[in-house]
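Comments concern the structure below.
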Amino acid sequence: MKESSNKYLITALLLGLAFHGTSIFFTLETTYDALIHLFFADHYSNSWFEPWNYKWYTGFTVMSYPPLVHQSIALLSLIGGLKFGLFAVALISIVLFITGVYRFSLLITSNRTVAGYAAVLAVFSSSFLETLHIFGQLPSIIGISVLMHALPEIYLWLKTGKYWYLATSLSLIAVTVTSHHVTPIFGMVFFIFPLIGMVIMDVSREQVNSMKEVTFRVFLNSFFKLFKRIISFGMLSLVIIIGCILPYWINSKNNPITQVPIPHGSRDNFLEITSSGLVFFLIPWGVLLILLPYIFYRYYSKRYIFFGLSITILTVLGTGGTTPIPRMVLGETAFNILTLDRFTLWASVMSLPILGEFAFRLVHGDLKVLIQNKFGAVYHRIIGGILAALFVFMTIFTMSLSYFRPSQPQKIKMVPIVNFLNQDDHDKWRFLTLGFGDQMAWLSAQTNALTVDGNYHSARRLPELTTRPIERLENSKFKGVAGIGSLQQFLTTPEKYNLKYIFSNDKFYDPILYFCGWQRLRQLENGIMVWERLNVPPLSSILPKDDVAKWLKVLWGTIPFLTILIAFILNVQMLLVNALKTRIKKAPVYFNFKNDYSKFSRGLLRTTHFWSILVAGIMVYGIYLFYIKNDSHRSPENAIMAYYDALDFKQFEKAHKLINPESKISIAQYMLEISVTDGLLSSYAKLDAIYTDITNHSDSTASAKVITNWITPLEKIEKTEFKRAVKQNGKWYLEPDELKNDLPPDQLYADNSTSYFNQGRRRITTEQTHHEDVLKQPVLEVLSSKLVKYNNHYAIIGEIQNIDNVPADVVLKGTLYNDANKLLATYNAKYHVKHKLMPKETSSFKINFEGVAWSKTEDSIPKTFNPDEFTPVEFEEQPTKFNLQVDGNVSGSDLYKNIVVSDIDIKNESINGNLFNSGLEEITIPQLLVTYYNEDKTMLWVDHLFIKEGVRQQRKQDFEYEILKNGELNIINSDMKNIFVNGLPNEDISNKIVPNRIENHTNSELQKINHPDFGFIKFETNTYIGNPN
Amino acid sequence: MINKYTYILLLTSVLLSSFTSGQNQNSTSDFELLTTKTQFEAGSHIVLKFTDSDAEKPLLYCSNSFGSTVVVPSMENNKLHYKIPASIASKKGMVNWKLLNNEASISGQLKIVSKQEVATMETYIGPPSIEAGGTDYTMLVVIPTDSLDNPLAENTLVNAKHQFLSNQKNEDIFTKNLIAFKNIYSQLESGRMLVSSESLNTNSKEFTINVTAAIPTDFTISAKRPHDYADGNQITTFTTSIIKDKLENVVSDGTFVNFFITNKKGNILRTSGTTISGVATARMIHPDYEEDWSVKAYVDGMAESNVLSLTYKQVIDDFEVRFSQNNRDVTVGPLQSFMNQMIPDGLQVKLTISKDNLQLETYSKTSYNGYVQFILKSDIFINDSYKISIKTAGLEKTFENTKLW
């Protein structure tokens, strides 16, 4: 029989390459994973055989991910660079997927036309589109594709027992393993086991006359007949799975993943979190959802029964947290480690042959005849049209998803950052990116500098990271309080990680950087703000690594490509014969089991109809609910929700449309009012939760108590506001808020100030430190310091003064010891100090000892972290002594001091007052440092308050500070012996520079309060300027 | 490898010597050093010459504090010539040499001295800023070196020079242990000191030391204000006298001065300023009610000012409150200032509404064109009678049993 080329397959390949090959250039770089794979590829291209990578975290091993795809990109990058490698591998994966689906469908359906249909449909299948163009999971795609290529070979081995097929199937399994580890393991369970079942069925069928006669007994007989082949295949593939990526398994055993699970959308309840439902259920299933009855019907027919079971389990596991079953089946640990979307992907891939079959039967098979006979030709056309339209819609929708809801920040030009890191030895320190999304991987691939962060969370090692459910520090704001909590530990003690530079693409993080003692360096030409921290030592030239045996390195570097080579040699003949039709080949044995496409079951058609109507009904209801929830003028609650939502996303025009039009506030006026409000709440807060309580509801007006929770970089804010909504022309609107009318007396102000500039290097030289250009460290003096315990919470408090003649950046590092001089904890001063001091300026300080400060990290980290709330640390050894190391460095930035406490009103429980901005910069976040003293004016405690609103130039802002409630306060140690400034003893410095100090000089200016535990307090002010002029 | 051979050599020589001990008695001086000079100038051509009796060519081992090497001889006129390599010959210090022949070898020392010329003046000075007053000092360290980077001989004369204000001083110091150093003390004045040094007619470059003022001493403050009314709008500026240290040096720019204001109620308000040419300026907004302020400024722990008293006169003697719209619209005003002009926008007016001595709500608003309007919403305050009190500019008006409907 002369065999002609399968036109459908060729069409599918051409379509697939043209469609995906064009679109990957616009999608792949903005996917979640592609750039991570690129980073790994960069690693291999630089050091093929050395698995240790220093660039991420504090070093990690690339043996934590199967290497084939990365090594392929690395190899191709030698021709045209990393991105060329990435796109080339992506194109290969597209071809592999389409041909894989074709071969799998051919195996299942034994019909070339049907398999061709399946291949064409696979090109546009929404789960494939999503995996490639949104997730960028190349290894996963290659894994499943090669697995599909392996399936016919496995079938033929089991059925015919020819060793050739055993070799080809194992060679393909090996390629699968080296490209993705999870695919073959679960592939074994979900694809190969049912396939074995199918082979046994086929063998049984051959022994009897019809499918009906295949009884369990016959089946069992065939099973025993094939038992040897099955077992030999099973054992050998197990050997291959373990052997090909042996270093991976050894690494997993040595470094088990012992981290707090990171939330993933695929584990959500899809009904509650609809966005996860869309991405992890609706899109991958797509049109297949309508055909579910058909798919299940077909797979539950006797021959495919095991596929039926498999796809059922996959479907259920893919539902994530919607049903309790996945959690029960997988167990708590596996449930929290695995991303469950892959089950849906496999289920949808498994459905593709059946989808092809359905399409074939609908277009020119028995289904067409049945529908035309029963409902007429017009109905058939309409049904076909609807299905085709839905299919195309899902394709367009999936492809454009990242256009409408970008998953990544705008593309960042990396060259300025790379240049910055190469300049002036900046790569001698670690850096951190903020708000880069997955593009941080691309930056890491381009520079030699190291970062404390990373983008492959399974490989993290620092307890600061593994004990918190956050993926990256980089996007910590999306992880709420835990994320910010983890980030601020790195920001407070950066010298521990040699972290000196931060590239910020998100101004949200600016306040926390400032109040942790960082300063702005400059804005790069791509708009990225560079922050630096003074007094951080450079990385040592030799960094620690976990070395592995040489033979493991050699295995890791050679085996993946060997598997490809072997697979290629073994399969190339078949490939060429199939492609070029050089000789007539006998049809494979599974062609003996053709399906009968002559009589479509009427019941099935009816069920499909019912199901479609049901699905349509659910969709319509869902859309209706969505509309009700999102029609912002529909009810006062909706109006309030929509208003806050618009404010949160800075969509002021939308917010303005919700303001009562009767109030006659023009958009220009509204924007003006918005533009003059600055501060923590209006510029740096993200809405976390909102509760509205309608207190008074009439037909046309409603009052609402609105409680909003905001996450700011500094603290969690709960705000209660009273809003009034009115109904105009059937639509609900909000009444506008009133403005402050404070009017400064002058139009133009003049002010003098001292400004500073540090040249850096006067001479253009690459000398490490040109000794003439090194400024003297400013001399600081610790005026008082003591270790105190307040409500079970240890802290070092005190007062520090810059006694030099230049402004100083202050870093305070406290260490606690017990009686036996055992080190218990180390931490730096965070919010409770003015990090920049003018000459002779003083500041109170407090060093809190937070989670990671303690030497036994695991015990002490609180489950949930609130930046402002403190969890007392329980431990047996009591701190009794302390050591304080103070370092000063000359700094010319952030020296704005023109903030005045202009009025104060003391009550028993709180203090109300006014701050006045007497200078020419707008204060974005004012901070009050409040020091408590006892009746004898002995310093006891330091507290702080961030004022939510900013203060404009020459204007006032009121504040309310709640005095601390009574608390148990003990001074444990006030010995000032172990205090060092710039490495020198504090006392010597003090005696030399200020020998005749007036002790407790300003004690007469302390504010008296009425409090059982405290006698006096003192206010100091600190300011963060968001936009310095 | 070399070690191994050395050991084998040693062993064989021991063995051999035991056999031939009688013969070798007089052959110990197979080699004899001909060069008599033991001191050389760095960089000179140094050749050690030996007589050679039996045409053997042993290697010469030589070492100095930088490292060791062996030298292969050349034979000239039946004499062994060992040329000491430049890497050793150009470094000042002792060179130990030893002939590596089989028998009892001969060894010796050479002394290499630096050239008596100065090529560079390696100079270090620090700290780069010191305090005026004569107690603080900076240290100048000079290492005159020759063209081969060798420090010059002990007791080389170095002329340390510095200029400060009108003084210019030269001082002779001598190198000791390779370096010459001098502590330069500050004088009574602050200013800029330029330092250089000279040795054997070679001069160093210029170095700068900043002599900054010492800690400040007490000073006085004054206040300047457009008027003495408590209008809550104008700004009073506090200025210090020129702050100087005990030696009349003006403190460095940027010195931080704290101003504490104690008001009538005994509460502490606070403003601050940094000095420019010794004068710190701080601003404070006027209070919006009658006040007596006493102001004192501090440089913490070091200096303080006199106490300045300021009085602010009340501008608003009285204000009107009008109720309308079922008493739910409360208008406060006109709020008039000292010339009966409308008070500038921004005066704070507080309305407190309470019922049965229970405070329900406090609203704070700022005046606009001399008026403030409060609207008491019916859905917050049900129809009832309440006590309403209004506070502004230190005045308070209370309306008992105001009925809202």
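Heads up: the protein sequence lines correspond to chains B and Z, in order.
Count the first sequence with this note's numbering and you get residues 103 to 1131, in order.
Count the second sequence with this note's numbering and you get residues 43 to 447, in order.
Note that beta-carbon positions come from the ideal geometry of N, C-alpha and C, so glycine has one too.
Within its own chain, the residues whose Cβ lies closer than 7 Å to the Cβ of asparagine 1019 of chain B, once the five positions on either side in sequence are excluded, are Asn1000, Ile1001, Ile1025, Val1053, Arg1054, Gln1055, Gln1056 and Arg1057, listed in chain order. Of the candidates Z:Leu311, Z:Ile221 and Z:Gln390, Z:Gln390 places its Cα closest to the Cα of asparagine 843 of chain B.
Residues of chain B with a Cβ closer than 8 Å to the Cβ of lysine 419 of chain Z are, in chain order, Ser805 and Arg826.
Burial check for glycine 308 of chain Z: the Cβ neighbour count within 10 Å stays below 16, so the residue is exposed. Counting C-beta atoms within 10 angstroms of its own C-beta, asparagine 1098 of chain B has fewer than 16 neighbours from the protein chains shown and is therefore classed as exposed.
DSSP lists Z:Asn252 as the beta-bridge partner residues of serine 171 of chain Z. In this structure, the beta-carbon distance from valine 357 of chain Z to serine 379 of chain Z falls below 8 Å. For leucine 623 of chain B, the enclosing beta strand (DSSP E) has its first and last residue at 621–625. When C-beta atoms of the region 873–890 of chain B are compared with those of the region 1068–1080 of chain B, three or more pairs fall below 8 Å, so the two segments count as touching. Bounds of the alpha helix (DSSP H) holding threonine 497 of chain B are 479–506. If you look at tyrosine 1035 of chain B, you'll find it in the beta strand (DSSP E) that goes 1027–1035. Counting C-beta atoms within 10 angstroms of its own C-beta, valine 372 of chain Z has 16 or more neighbours from the protein chains shown and is therefore classed as buried.
Taking 8 Å as the cut-off, the Cβ atoms of glycine 619 of chain B and valine 284 of chain B do not count as close.
Residue-level contact by beta carbon holds for leucine 885 of chain B and chain Z, with a gap shorter than 8 Å.
Serine 319 of chain Z is not a Cβ neighbour of aspartate 260 of chain Z, given a cutoff of 8 Å. Glutamine 870 of chain B sits in coil when the DSSP states are folded into three classes, being neither helix nor strand. Of all residues in the region 838–856 of chain B, those with a C-beta nearer than 9 Å to a C-beta of chain Z are Glu840, Leu841, Lys842, Asn843, Asp844, Leu845, Pro846, Pro847, Asp848, Asp853, Asn854, Ser855 and Thr856, reading in chain order.
Membership of valine 520 of chain B in the alpha helix (DSSP H) is indicated by the continuous run 517–524. A Cβ of chain Z is located within less than 8 Å of the beta carbon of glutamate 1107 of chain B.
When C-beta distances to chain Z are compared with 8 Å, the residues of the region 1001–1013 of chain B below that value are Val1002, Val1003, Ser1004, Asp1005, Ile1006, Asp1007 and Ile1008, in chain order.
Here aspartate 853 of chain B is near glycine 1021 of chain B, since their CB atoms are less than 8 Å apart.
Asparagine 1016 of chain B is classed as buried because its beta carbon has at least 16 other beta carbons within 10 Å across all chains shown.
Annotation: the continuous beta strand (DSSP E) that includes valine 363 of chain Z extends over 363–366. Chain order gives the chain Z residues near glutamine 903 of chain B as Asp342 and Gly343, where near means a beta carbon separation below 8 Å. Taking C-beta atoms as the reference points, threonine 1104 of chain B and asparagine 300 of chain Z count as a pair closer than 8 Å. Around the beta-carbon of asparagine 521 of chain B, fewer than 16 other beta-carbon atoms lie within 10 Å, marking it exposed. At least 8 Å separates the CB of methionine 631 of chain B from every CB of chain Z.
The three-state reading of DSSP puts asparagine 309 of chain Z in coil, since its state is none of H, G, I, E or B. Legend: CB atoms of the region 361–375 of chain Z lying less than 9 Å from CB atoms of chain B are not found in any residue.
Residue environment analysis places tyrosine 481 of chain B among the exposed positions, since fewer than 16 neighbouring C-beta atoms fall within 10 angstroms of its C-beta. With respect to the 8 Å criterion, valine 638 of chain B and proline 571 of chain B are not classified as neighbours on the basis of their beta carbons.
The C-beta of tryptophan 653 of chain B has fewer than 16 other C-beta atoms within 10 Å across all chains shown, which makes the residue exposed. Residue ranges of uninterrupted alpha helix (DSSP H) with 4 or more members, entirely inside the region 712–780 of chain B and ordered along the chain, are 738–750, 754–759 and 769–777. Alanine 435 of chain Z and lysine 818 of chain B have their alpha carbons spaced roughly 35 Å apart. Every candidate beta strand (DSSP E) stretch fails here, since none sits fully inside the region 168–205 of chain B while reaching 3 residues. Residue contact check for phenylalanine 302 of chain Z against chain B: a CB pair falls below 8 Å.
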